[in-house]
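Peer 1: Numbering (the working numbering), first residue to last: 6 to 936. For each residue, glycine too, the CB sits at the ideal point set by N, CA and C.
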């Protein structure tokens with residue numbers, strides 16, 4: 006028992022309260038308390054924390070001392086089930102800013118949370134003494150780890166590099182595009198990158214407009230990304246990844262779930278402001294020698310020789326009353342990328358003229374938390390996260406355009422801790438876009454002249470290019486309602502049941518609209534005036550100026566006009582789920598089912614979920630896990646929004662300035678929509694978790710079979726040629742003929758306590774994974790007739806079917822990741838490191854050669870092997886105290902410390918291919934003030 010000295014009558018009262026609580030907890034204890042890891046039948050109702058701790062002492066035989074002043078106005082949630090004393094205590098103290106230390110074999114003291122921490126790095130489903138462990142298949146990155154790790158652009162997916170079941174798009178690390186600031190695409194267990202569910206505070210934030218479209222310079226489309234809101238990690242309390250044995254409460258994915266929880270306001274007033282930066286001068290580029298000059302004089306967004314990134318962040322938070330708090334936060338990310346107006350091959354002739362591209366991501370966040378009663382909590386939040394990327398086309402004047410993404414999400418959340426259930430409800434509205442705004446609505450191919458003089462070359466036929474492709478607006482507007490009930494445990498037939506039920510509704514409106522008529526003018530002809538015989542001057546498609554071939558002026562005789570037009574539809578969907586966590590002795594079963602339905606594809610799906618855990622010795626040191634599950638994925642809006650889009654295109658001509666434009670043809674539809682089945686993944690999971698000698702070893706195997714995946718195929722290949730004159734003969738449509746299969750083995754090794762050395766403390770985790778992708782369907786963007794036909798190809802000297810070839814991306818055979826975080830309290834320093842070793846990588850592709858197979862010419866495919874890659878990233882954080890609870894902080898990040906030259910990809914698989922490398926050593930600096 007600990008008595009803290011106080012002054013005066015108030016101090017005596019506080020000491021008396023501490024003495025009362027300590028004695029009250031102690032007198033109920035048996036003479037000999039049991040091992041603190043032994044599981045007990047815990048049944049504690051929601052109540053003040055002080056009485057909840059007394060109930061815990063009575064039910065576990067653990068002696069607990071605490072200064073009662075620390076417990077004022079604190080309430081504990083209901084805790085029920087077969088738990089160890091430490092696990093139950095962790096649930097009672099969650100969010101209280103309290104921790105405990107052992108002061109005897111069966112006695113502990115609760116105190117204010119202090120630093121440095123003595124728990125392990127929270128990178129996975131580790132079992133931390135005093136913290137409720139996560140199921141195998143669920144990983145959580147907590148706030149302390151978010152702050153400690155180098156994360157580059159500060160986006161969610163960059164923090165998941167340590168996760169062994171997550172693999173990144175190879176292009177993300179390219180040394181050619183270090184100026185980009187958007188989040189990376191990721192694949193989980195071999196699924197398509199756009200088939201993950203991104204959640205913020207339990208509400209979906211996926212962009213389903215056209216997430217797989219990647220091409221920047223398309224006339225009628227805009228590039229997208231699956232993660233709809235590019236949230237800065239400074240907003241987040243934790244990030245949870247569910248990669249296997251995913252509960253029935255989650256749907257709309259084939260790969261996995263990424264659930265980001267935003268921060269709640271602190272009780273006292275606190276704030277932070279910081280500036281972070283990096284630039285090309287702090288970056289070591291690795292470029293193939295044959296492309297160095299091309300890179301230096303680049304006019305392409307795919308090759309960025311210079312850039313300058315700056316991120317500004319600020320947060321202010323606190324409680325206005327005892328039960329009402331606010332948190333406001335913002336971040337502004339900017340990247341400036343200077344490029345050449347002329348493409349690299351024209352610089353020698355035309356000279357270098359600099360133009361700048363820009364990238365911008367903003368986050369504005371406001372959250373309120375109202376503790377309405379002991380049982381009711383109400384949260385509201387508004388997130389505004391727009392993105393804008395400014396591009397231009399090399400060699401083309403007035404060609405600037407802004408691609409816009411991101412949007413706004415508003416959420417109302419209530420949590421009711423009732424006697425029968427914990428009921429959580431969410432009502433949310435979100436608006437996202439995938440749009441383009443151009444400096445010019447029209448595009449011209451002029452003859453080079455005195456007034457249009459920036460064209461390439463000085464021949465009579467030399468052209469000058471000008472203009473853009475007009476404005477496109479794509480919007481996604483969604484209402485979501487979600488209800489989840491975690492029911493109190495019930496004992497029945499010798500088993501403990503913890504049922505969970507829930508339902509959700511969604512109504513989503515999507516729209517594609519061409520906002521402006523946009524014409525592409527070609528075929529210039531000679532003229533001496535731009536005013537016709539009626540006195541009307543053509544200031545759009547006519548220009549006076551001596552051309553190189555001797556014309557006094559020129560006007561356009563033909564154009565392709567894209568008319569304004571709109572395509573939209575609304576989808577209503579619903580889902581419900583039921584699962585029951587059943588405990589029978591040392592065995593825990595979790596059967597469940599999820600039902601989803603929508604009127605977009607007009608399908609209803611039933612997804613069974615089942616997992617089990619067996620506590621081999623009853624002390625949580627050896628756990629055997631298994632699961633069999635089905636996960637239904639997402640449907641993309643562009644599959645329907647593309648149907649009819651090409652009908653907005655008209656080919657028009659005129660014979661002279663006196664003649665009107667005449668429509669010669671209306672383009673045929675190129676995409677036909679049809680309702681599809683919902684793609685799904687079937688999962689088999691096996692795992693074992695073993696604690697030994699203060700270390701946890703977790704081994705897991707996941708097999709995924711993807712079926713009914715959506716691929717794009719031509720009608721001719723399907724045997725369905727066009728018979729409709731408004732449907733192009735080469736039209737494409739979508740089918741469910743895609744499939745995939747992936748085996749993933751992972752091993753994590755996590756010390757359960759931090760290592761101490763000379764006053765420092767170090768925690769860490771080693772994660773290994775091996776992946777085998779046996780089959781891989783293409784994305785829906787690629788028109789893969791070969792995949793549908795499943796023709797025979799020659800691959801590595803053997804003849805196989807086309808769809809049996811390995812995946813060409815997200816496919817590293819095995820990787821090793823080591824993460825460490827070291828606290829050096831004597832110097833107010835924190836040193837974090839992330840090492841990643843990736844085994845040799847292979848990229849496959851068509852060589853362009855053919856060989857004979859049973860009288861038929863077949864394509865020759867080969868693989869090109871890349872060497873293994875080892876990278877080391879580090880962060881050194883320094884806190885300089887300035888006043889009580891205030892400090893200046895400096896973070897220095899160094900990526901690829903060893904400046905390893907690792908091949909990222911090759912352009913082709915032939916012997917003449919040119920390698921693209923990952924970015925070399927790069928420095929980041931952040932300076933800020935916290936109070």
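1. Check residue 347 in the structure and name its three-state DSSP category.
2. Could you check what DSSP says for residue 426 in three-state terms: helix, strand or coil?
3. For the beta strand (DSSP E) containing residue 837, name the first residue and the last one.
4. What are the partner residues of residue 683, as DSSP defines its beta bridges?
5. Report all residues from its chain with a CB closer than 6 angstroms to the CB of residue 127; omit the five preceding and five following residues, and keep chain order.
6. What is the C-beta distance between residue 385 and residue 435, in whole angstroms, given that I count them as a contact (C-beta under 8 angstroms)?
7. Compute the distance between the beta-carbons of residue 459 and residue 400, then report whether it is under 9 angstroms.
8. Within its chain, find whatever has a CB closer than 6 angstroms to the CB of residue 784; leave out the 5 residues flanking it on each side and keep chain order.
9. Identify, in the order they occur along the chain, each residue of the same chain with its Cβ nearer than 8 angstroms to the Cβ of residue 981, setting aside the five sequence neighbours on each side.
10. Is the beta carbon of residue 46 sitting closer than 9 angstroms to the one on residue 634?
11. Which class does residue 807 belong to by DSSP, given the choice of helix, strand or coil?
12. Given this structure, state the Cα-to-Cα distance separating residue 143 from residue 859, to the nearest angstrom.
13. I'd like to know whether the C-beta atoms of residue 511 and residue 579 end up nearer to each other than 9 angstroms.
14. Within 10 angstroms of its Cβ, does residue 898 collect 16 or more other Cβ (buried), or is it exposed?
15. Where does residue 265 fall in DSSP's three states?
16. What residue does the beta strand (DSSP E) around residue 516 start on, and which one ends it?
17. Applying the criterion that 16 or more other CB atoms from any shown protein chain within 10 Å of the CB defines a buried residue, is residue 214 buried or exposed?
18. Which residue from 823, 861, 242 puts its Cα closest to that of residue 879?
19. Quick check: the Cα distance between residue 115 and residue 105, rounded to an integer number of angstroms?
20. Counting along the chain, where does the alpha helix (DSSP H) carrying residue 151 start and finish?
21. Helix, strand or coil for residue 608? Go by DSSP, reduced to three states.
22. When you compare each of 209, 202, 758, 284 to residue 186 by their alpha carbons, which one comes out closest?
23. Cβ of residue 679 within 9 angstroms of Cβ of residue 733?
24. So residue 114 is in the beta strand (DSSP E); what residue range does that whole segment cover?
25. Alpha helix (DSSP H) containing residue 65: first to last residue?
26. Rounding to the nearest angstrom, what Cα-Cα distance links residue 931 and residue 896 in this structure?
27. Taking the alpha-carbon positions, what's the residue 325 to residue 375 distance?
28. Answer yes or no: does any C-beta atom of chain C fall closer than 9 angstroms to that of residue 44?
29. Is residue 923 buried or exposed, if buried means 16 or more other CB atoms sit within 10 Å of its CB?
30. Suppose contacts are defined by Cβ-Cβ distances below 9 angstroms. Is residue 737 in contact with residue 717 by that definition?
31. In terms of DSSP beta bridges, what is residue 488 paired with?
32. Per DSSP, what are the beta-bridge partners of residue 45 in this structure?
33. Straight-line CA distance for residue 171 to residue 193?
34. Shortest alpha-carbon distance to residue 597 belongs to which of 318, 252, 919, 549?
35. Compute the beta-carbon to beta-carbon distance between residue 344 and residue 360, rounded to the nearest angstrom, for a pair I have assumed lies under 8 angstroms.
36. So for residue 734, helix, strand or coil by DSSP?
Peer 2: Taking the definition as stated:
1. Your numbering for residue 347 matches position 342 in the chain shown. Residue 347: coil per DSSP, three-state reduction.
2. Against the chain shown, residue 426 aligns to sequence position 421. Residue 426: strand per DSSP, three-state reduction.
3. Locating residue 837 in the chain shown gives position 832, counting from the first residue. It spans 834-843 - the beta strand (DSSP E) in which residue 837 sits, taken as one unbroken run.
4. Counting from 1 along the chain shown, the entry for residue 683 is found at position 678. Answer by DSSP bridge pairing: none, since residue 683 is not bridged.
5. In the chain shown, residue 127 corresponds to position 122, counting from 1. Model confidence at residue 127 stands at a pLDDT of 48, short of 50, so the residue's coordinates are unreliable; what they give is reported in the following sentence. Contacts found: 147, 150.
6. For the purposes of this step, residue 385 is taken as the residue at position 380 of the chain shown. For the purposes of this step, residue 435 is taken as the residue at position 430 of the chain shown. About 14 angstroms; that fails the 8 angstroms criterion.
7. Against the chain shown, residue 459 aligns to sequence position 454. Against the chain shown, residue 400 aligns to sequence position 395. The answer is yes: Cβ separation under 9 angstroms.
8. Locating residue 784 in the chain shown gives position 779, where the first residue counts as 1. Within the same chain, residue 784 has close Cβ partners 217.
9. The structure shown has nothing for residue 981, since the chain only spans 6 to 936.
10. For the purposes of this step, residue 46 is taken as the residue at position 41 of the chain shown. For the purposes of this step, residue 634 is taken as the residue at position 629 of the chain shown. The answer is no: Cβ separation not under 9 angstroms.
11. Position 802 of the chain shown holds residue 807. Three-state DSSP puts residue 807 in a helix.
12. Numbered from its first residue, the chain shown carries residue 143 at position 138. Numbered from its first residue, the chain shown carries residue 859 at position 854. Computed Cα separation, rounded: 50 angstroms.
13. For the purposes of this step, residue 511 is taken as the residue at position 506 of the chain shown. For the purposes of this step, residue 579 is taken as the residue at position 574 of the chain shown. Going by C-beta atoms, residue 511 is nearer than 9 angstroms to residue 579.
14. Sequence index remark: in the chain shown, residue 898 carries index 893 (1-based). By the neighbour-count rule (16 or more Cβ atoms within 10 Å), residue 898 is buried.
15. The sequence position of residue 265 within the chain shown is 260, counting from 1. Note: residue 265 maps to strand in three-state DSSP.
16. Counted from its first residue, the chain shown places residue 516 at position 511. Where residue 516 is concerned, the enclosing beta strand (DSSP E) stretches over 500-519.
17. As a first step, residue 214 is located in the chain shown; it is residue number 209 there, counting from the start. Its Cβ being crowded by 16 or more others within 10 Å, residue 214 is buried.
18. Numbered from 1 along the chain shown, position 874 holds the residue referred to as residue 879. Answer by Cα proximity: 823.
19. Here residue 115 is taken as the residue at index 110 of the chain shown, counted from 1. Here residue 105 is taken as the residue at index 100 of the chain shown, counted from 1. Each residue's alpha carbon lies about 4 angstroms from the other.
20. Position 146 of the chain shown, counting from 1, holds the residue named residue 151. 148-153 is the span of the alpha helix (DSSP H), which, as asked, contains residue 151.
21. Residue mapping note: residue 608 aligns to position 603 of the chain shown, counting from 1. Correct three-state label for residue 608: strand.
22. Residue 186 sits at position 181 when you count from the first residue of the chain shown. Checking every option, the nearest Cα to that of residue 186 belongs to 284.
23. For the purposes of this step, residue 679 is taken as the residue at position 674 of the chain shown. For the purposes of this step, residue 733 is taken as the residue at position 728 of the chain shown. Their beta carbons are not under 9 angstroms apart, which means residue 679 does not touch residue 733 by this criterion.
24. Walking along the chain shown from the start, residue 114 turns up at place 109. Its beta strand (DSSP E) spans residues 112-117.
25. Working through the chain shown from its first residue, we reach residue 65 at position 60. Counting along the chain, the alpha helix (DSSP H) containing residue 65 begins and ends at 54-65.
26. As a working note, residue 931 is residue 926 in the chain shown. As a working note, residue 896 is residue 891 in the chain shown. Spanning the two alpha carbons is a distance of roughly 5 angstroms.
27. Taking the chain shown and counting its residues from 1, the one referred to as residue 325 is at position 320. Taking the chain shown and counting its residues from 1, the one referred to as residue 375 is at position 370. Roughly 10 angstroms separates the two Cα atoms.
28. Included in the structure is just one protein chain, with no chain C present.
29. Walking along the chain shown from the start, residue 923 turns up at place 918. Label assigned to residue 923: buried.
30. Translated into positions along the chain shown, residue 737 becomes position 732. Translated into positions along the chain shown, residue 717 becomes position 712. Going by C-beta atoms, residue 737 is nearer than 9 angstroms to residue 717.
31. Residue 488 sits at position 483 when you count from the first residue of the chain shown. Answer is 430, 508.
32. Translated into the one-based positions of the chain shown, residue 45 becomes position 40. 88.
33. As a first step, residue 171 is located in the chain shown; it is residue number 166 there, counting from the start. As a first step, residue 193 is located in the chain shown; it is residue number 188 there, counting from the start. Going from the Cα of residue 171 to the Cα of residue 193 covers about 5 angstroms.
34. As a first step, residue 597 must be located in the chain shown, where it is residue number 592. Nearest of 318, 252, 919, 549 to residue 597, Cα basis: 252.
35. Numbered from 1 along the chain shown, position 339 holds the residue referred to as residue 344. Numbered from 1 along the chain shown, position 355 holds the residue referred to as residue 360. Residue 344 to residue 360, Cβ: 6 angstroms. Contact.
36. One-based indexing of the chain shown puts residue 734 at position 729. Three-state DSSP puts residue 734 in a strand.
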